[in-house]
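Here the structure is laid out as structure tokens; the discussion comes afterwards.
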Amino acid sequence: MFKFYNVKALKPNIHSIQARLPEAYTKFVNSLKLPPTPVHYIPNEDKYEWDPINKHVNRREDRPIPLKFPKEADEGIWGGEGVIQGFIKEKKNRRKFPNYWIPNLKKTVVYSEILNTYMELTVTERTLRLIDQYCGFDHYILG
Numbered sequence: 001m002f003k004f005y006n007v008k009a010l011k012p013n014i015h016s017i018q019a020r021l022p023e024a025y026t027k028f029v030n031s032l033k034l035p036p037t038p039v040h041y042i043p044n045e046d047k048y049e050w051d052p053i054n055k056h057v058n059r060r061e062d063r064p065i066p067l068k069f070p071k072e073a074d075e076g077i078w079g080g081e082g083v084i085q086g087f088i089k090e091k092k093n094r095r096k097f098p099n100y101w102i103p104n105l106k107k108t109v110v111y112s113e114i115l116n117t118y119m120e121l122t123v124t125e126r127t128l129r130l131i132d133q134y135c136g137f138d139h140y141i142l143g
């Protein structure tokens with residue numbers, strides 16, 4: 001037997017609660033569902049790669065680098081950056097030395113249109129780029 005589907009059920013319901021929500025709210029909810037933007041690594045475009053030594057296809061993984069956030073990160077706006085712990089390998093047969101990579105912090109003055117005040121903040125270069133991308137400090141904080 002053939003099953004006939006209701007064509008009206010496939011169309012979006014105009015009278016539902018989701019259809020009546022404001023456009024800004026639905027845009028915000030959809031932005032929460034997106035994966036976070038990578039800060040400390042470049043994601044791979046290809047899902048698979050050819051291994052010439054073993055002669056088979058390997059799957060690539062996009063693993064984010066684990067970050068550490070000290071207490072100073074709460075006092076400023078770091079824009080998703082953090083302290084990276086790793087090793088420096090100087091030569092081929094020498095031992096690896098532990099190292100910490102710390103983001104470059106700057107003290108800058110930003111203007112808040114909502115509060116109508118200037119604020120001195122500790123920020124990173126990425127935070128300044130994001131503030132410019134969002135067209136102001138208030139839009140960056142609220143976006």
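Numbered as in UniProt numbering, the sequence shown ends at 143 without a single skipped number. Glycine residues also receive a C-beta, built at the ideal position from the N, C-alpha and C atoms. For clarity, every value in this text was computed on a predicted model and none was experimentally measured.
{"query": "Best match in Y134, Y41, G79, K55 for proximity to D62 [C-alpha to C-alpha]", "result": "Y41"}
{"query": "Delimiting residues of the beta strand (DSSP E) encompassing residue 146", "result": "Within the shown structure, residues of the chain are numbered from 1 to 143, placing residue 146 beyond reach of any answer."}
{"query": "Y111 versus Y48 - alpha carbon distance", "result": "46 angstroms"}
{"query": "Cα-Cα separation, G82 to K107", "result": "17 angstroms"}
{"query": "Per DSSP, the bridge partner or partners of P98", "result": "F87"}
{"query": "Length of the line joining the Cα atoms of T26 and F97", "result": "48 angstroms"}
{"query": "Three or more C-beta pairs below 8 angstroms linking the segment 126–135 and the segment 74–81", "result": "yes"}
{"query": "For V29, the nearest candidate out of R59, Q18, M119 (CA to CA)", "result": "Q18"}
{"query": "Proximity winner among D138, L115, Q133, L105, relative to V123 (alpha-carbon distances)", "result": "L105"}
{"query": "Those residues which DSSP pairs with E120 across a bridge", "result": "V109"}
{"query": "DSSP state of V39 mapped onto helix, strand, coil", "result": "coil"}
{"query": "Separation of T37 from Q133, as counted between CA atoms", "result": "14 angstroms"}
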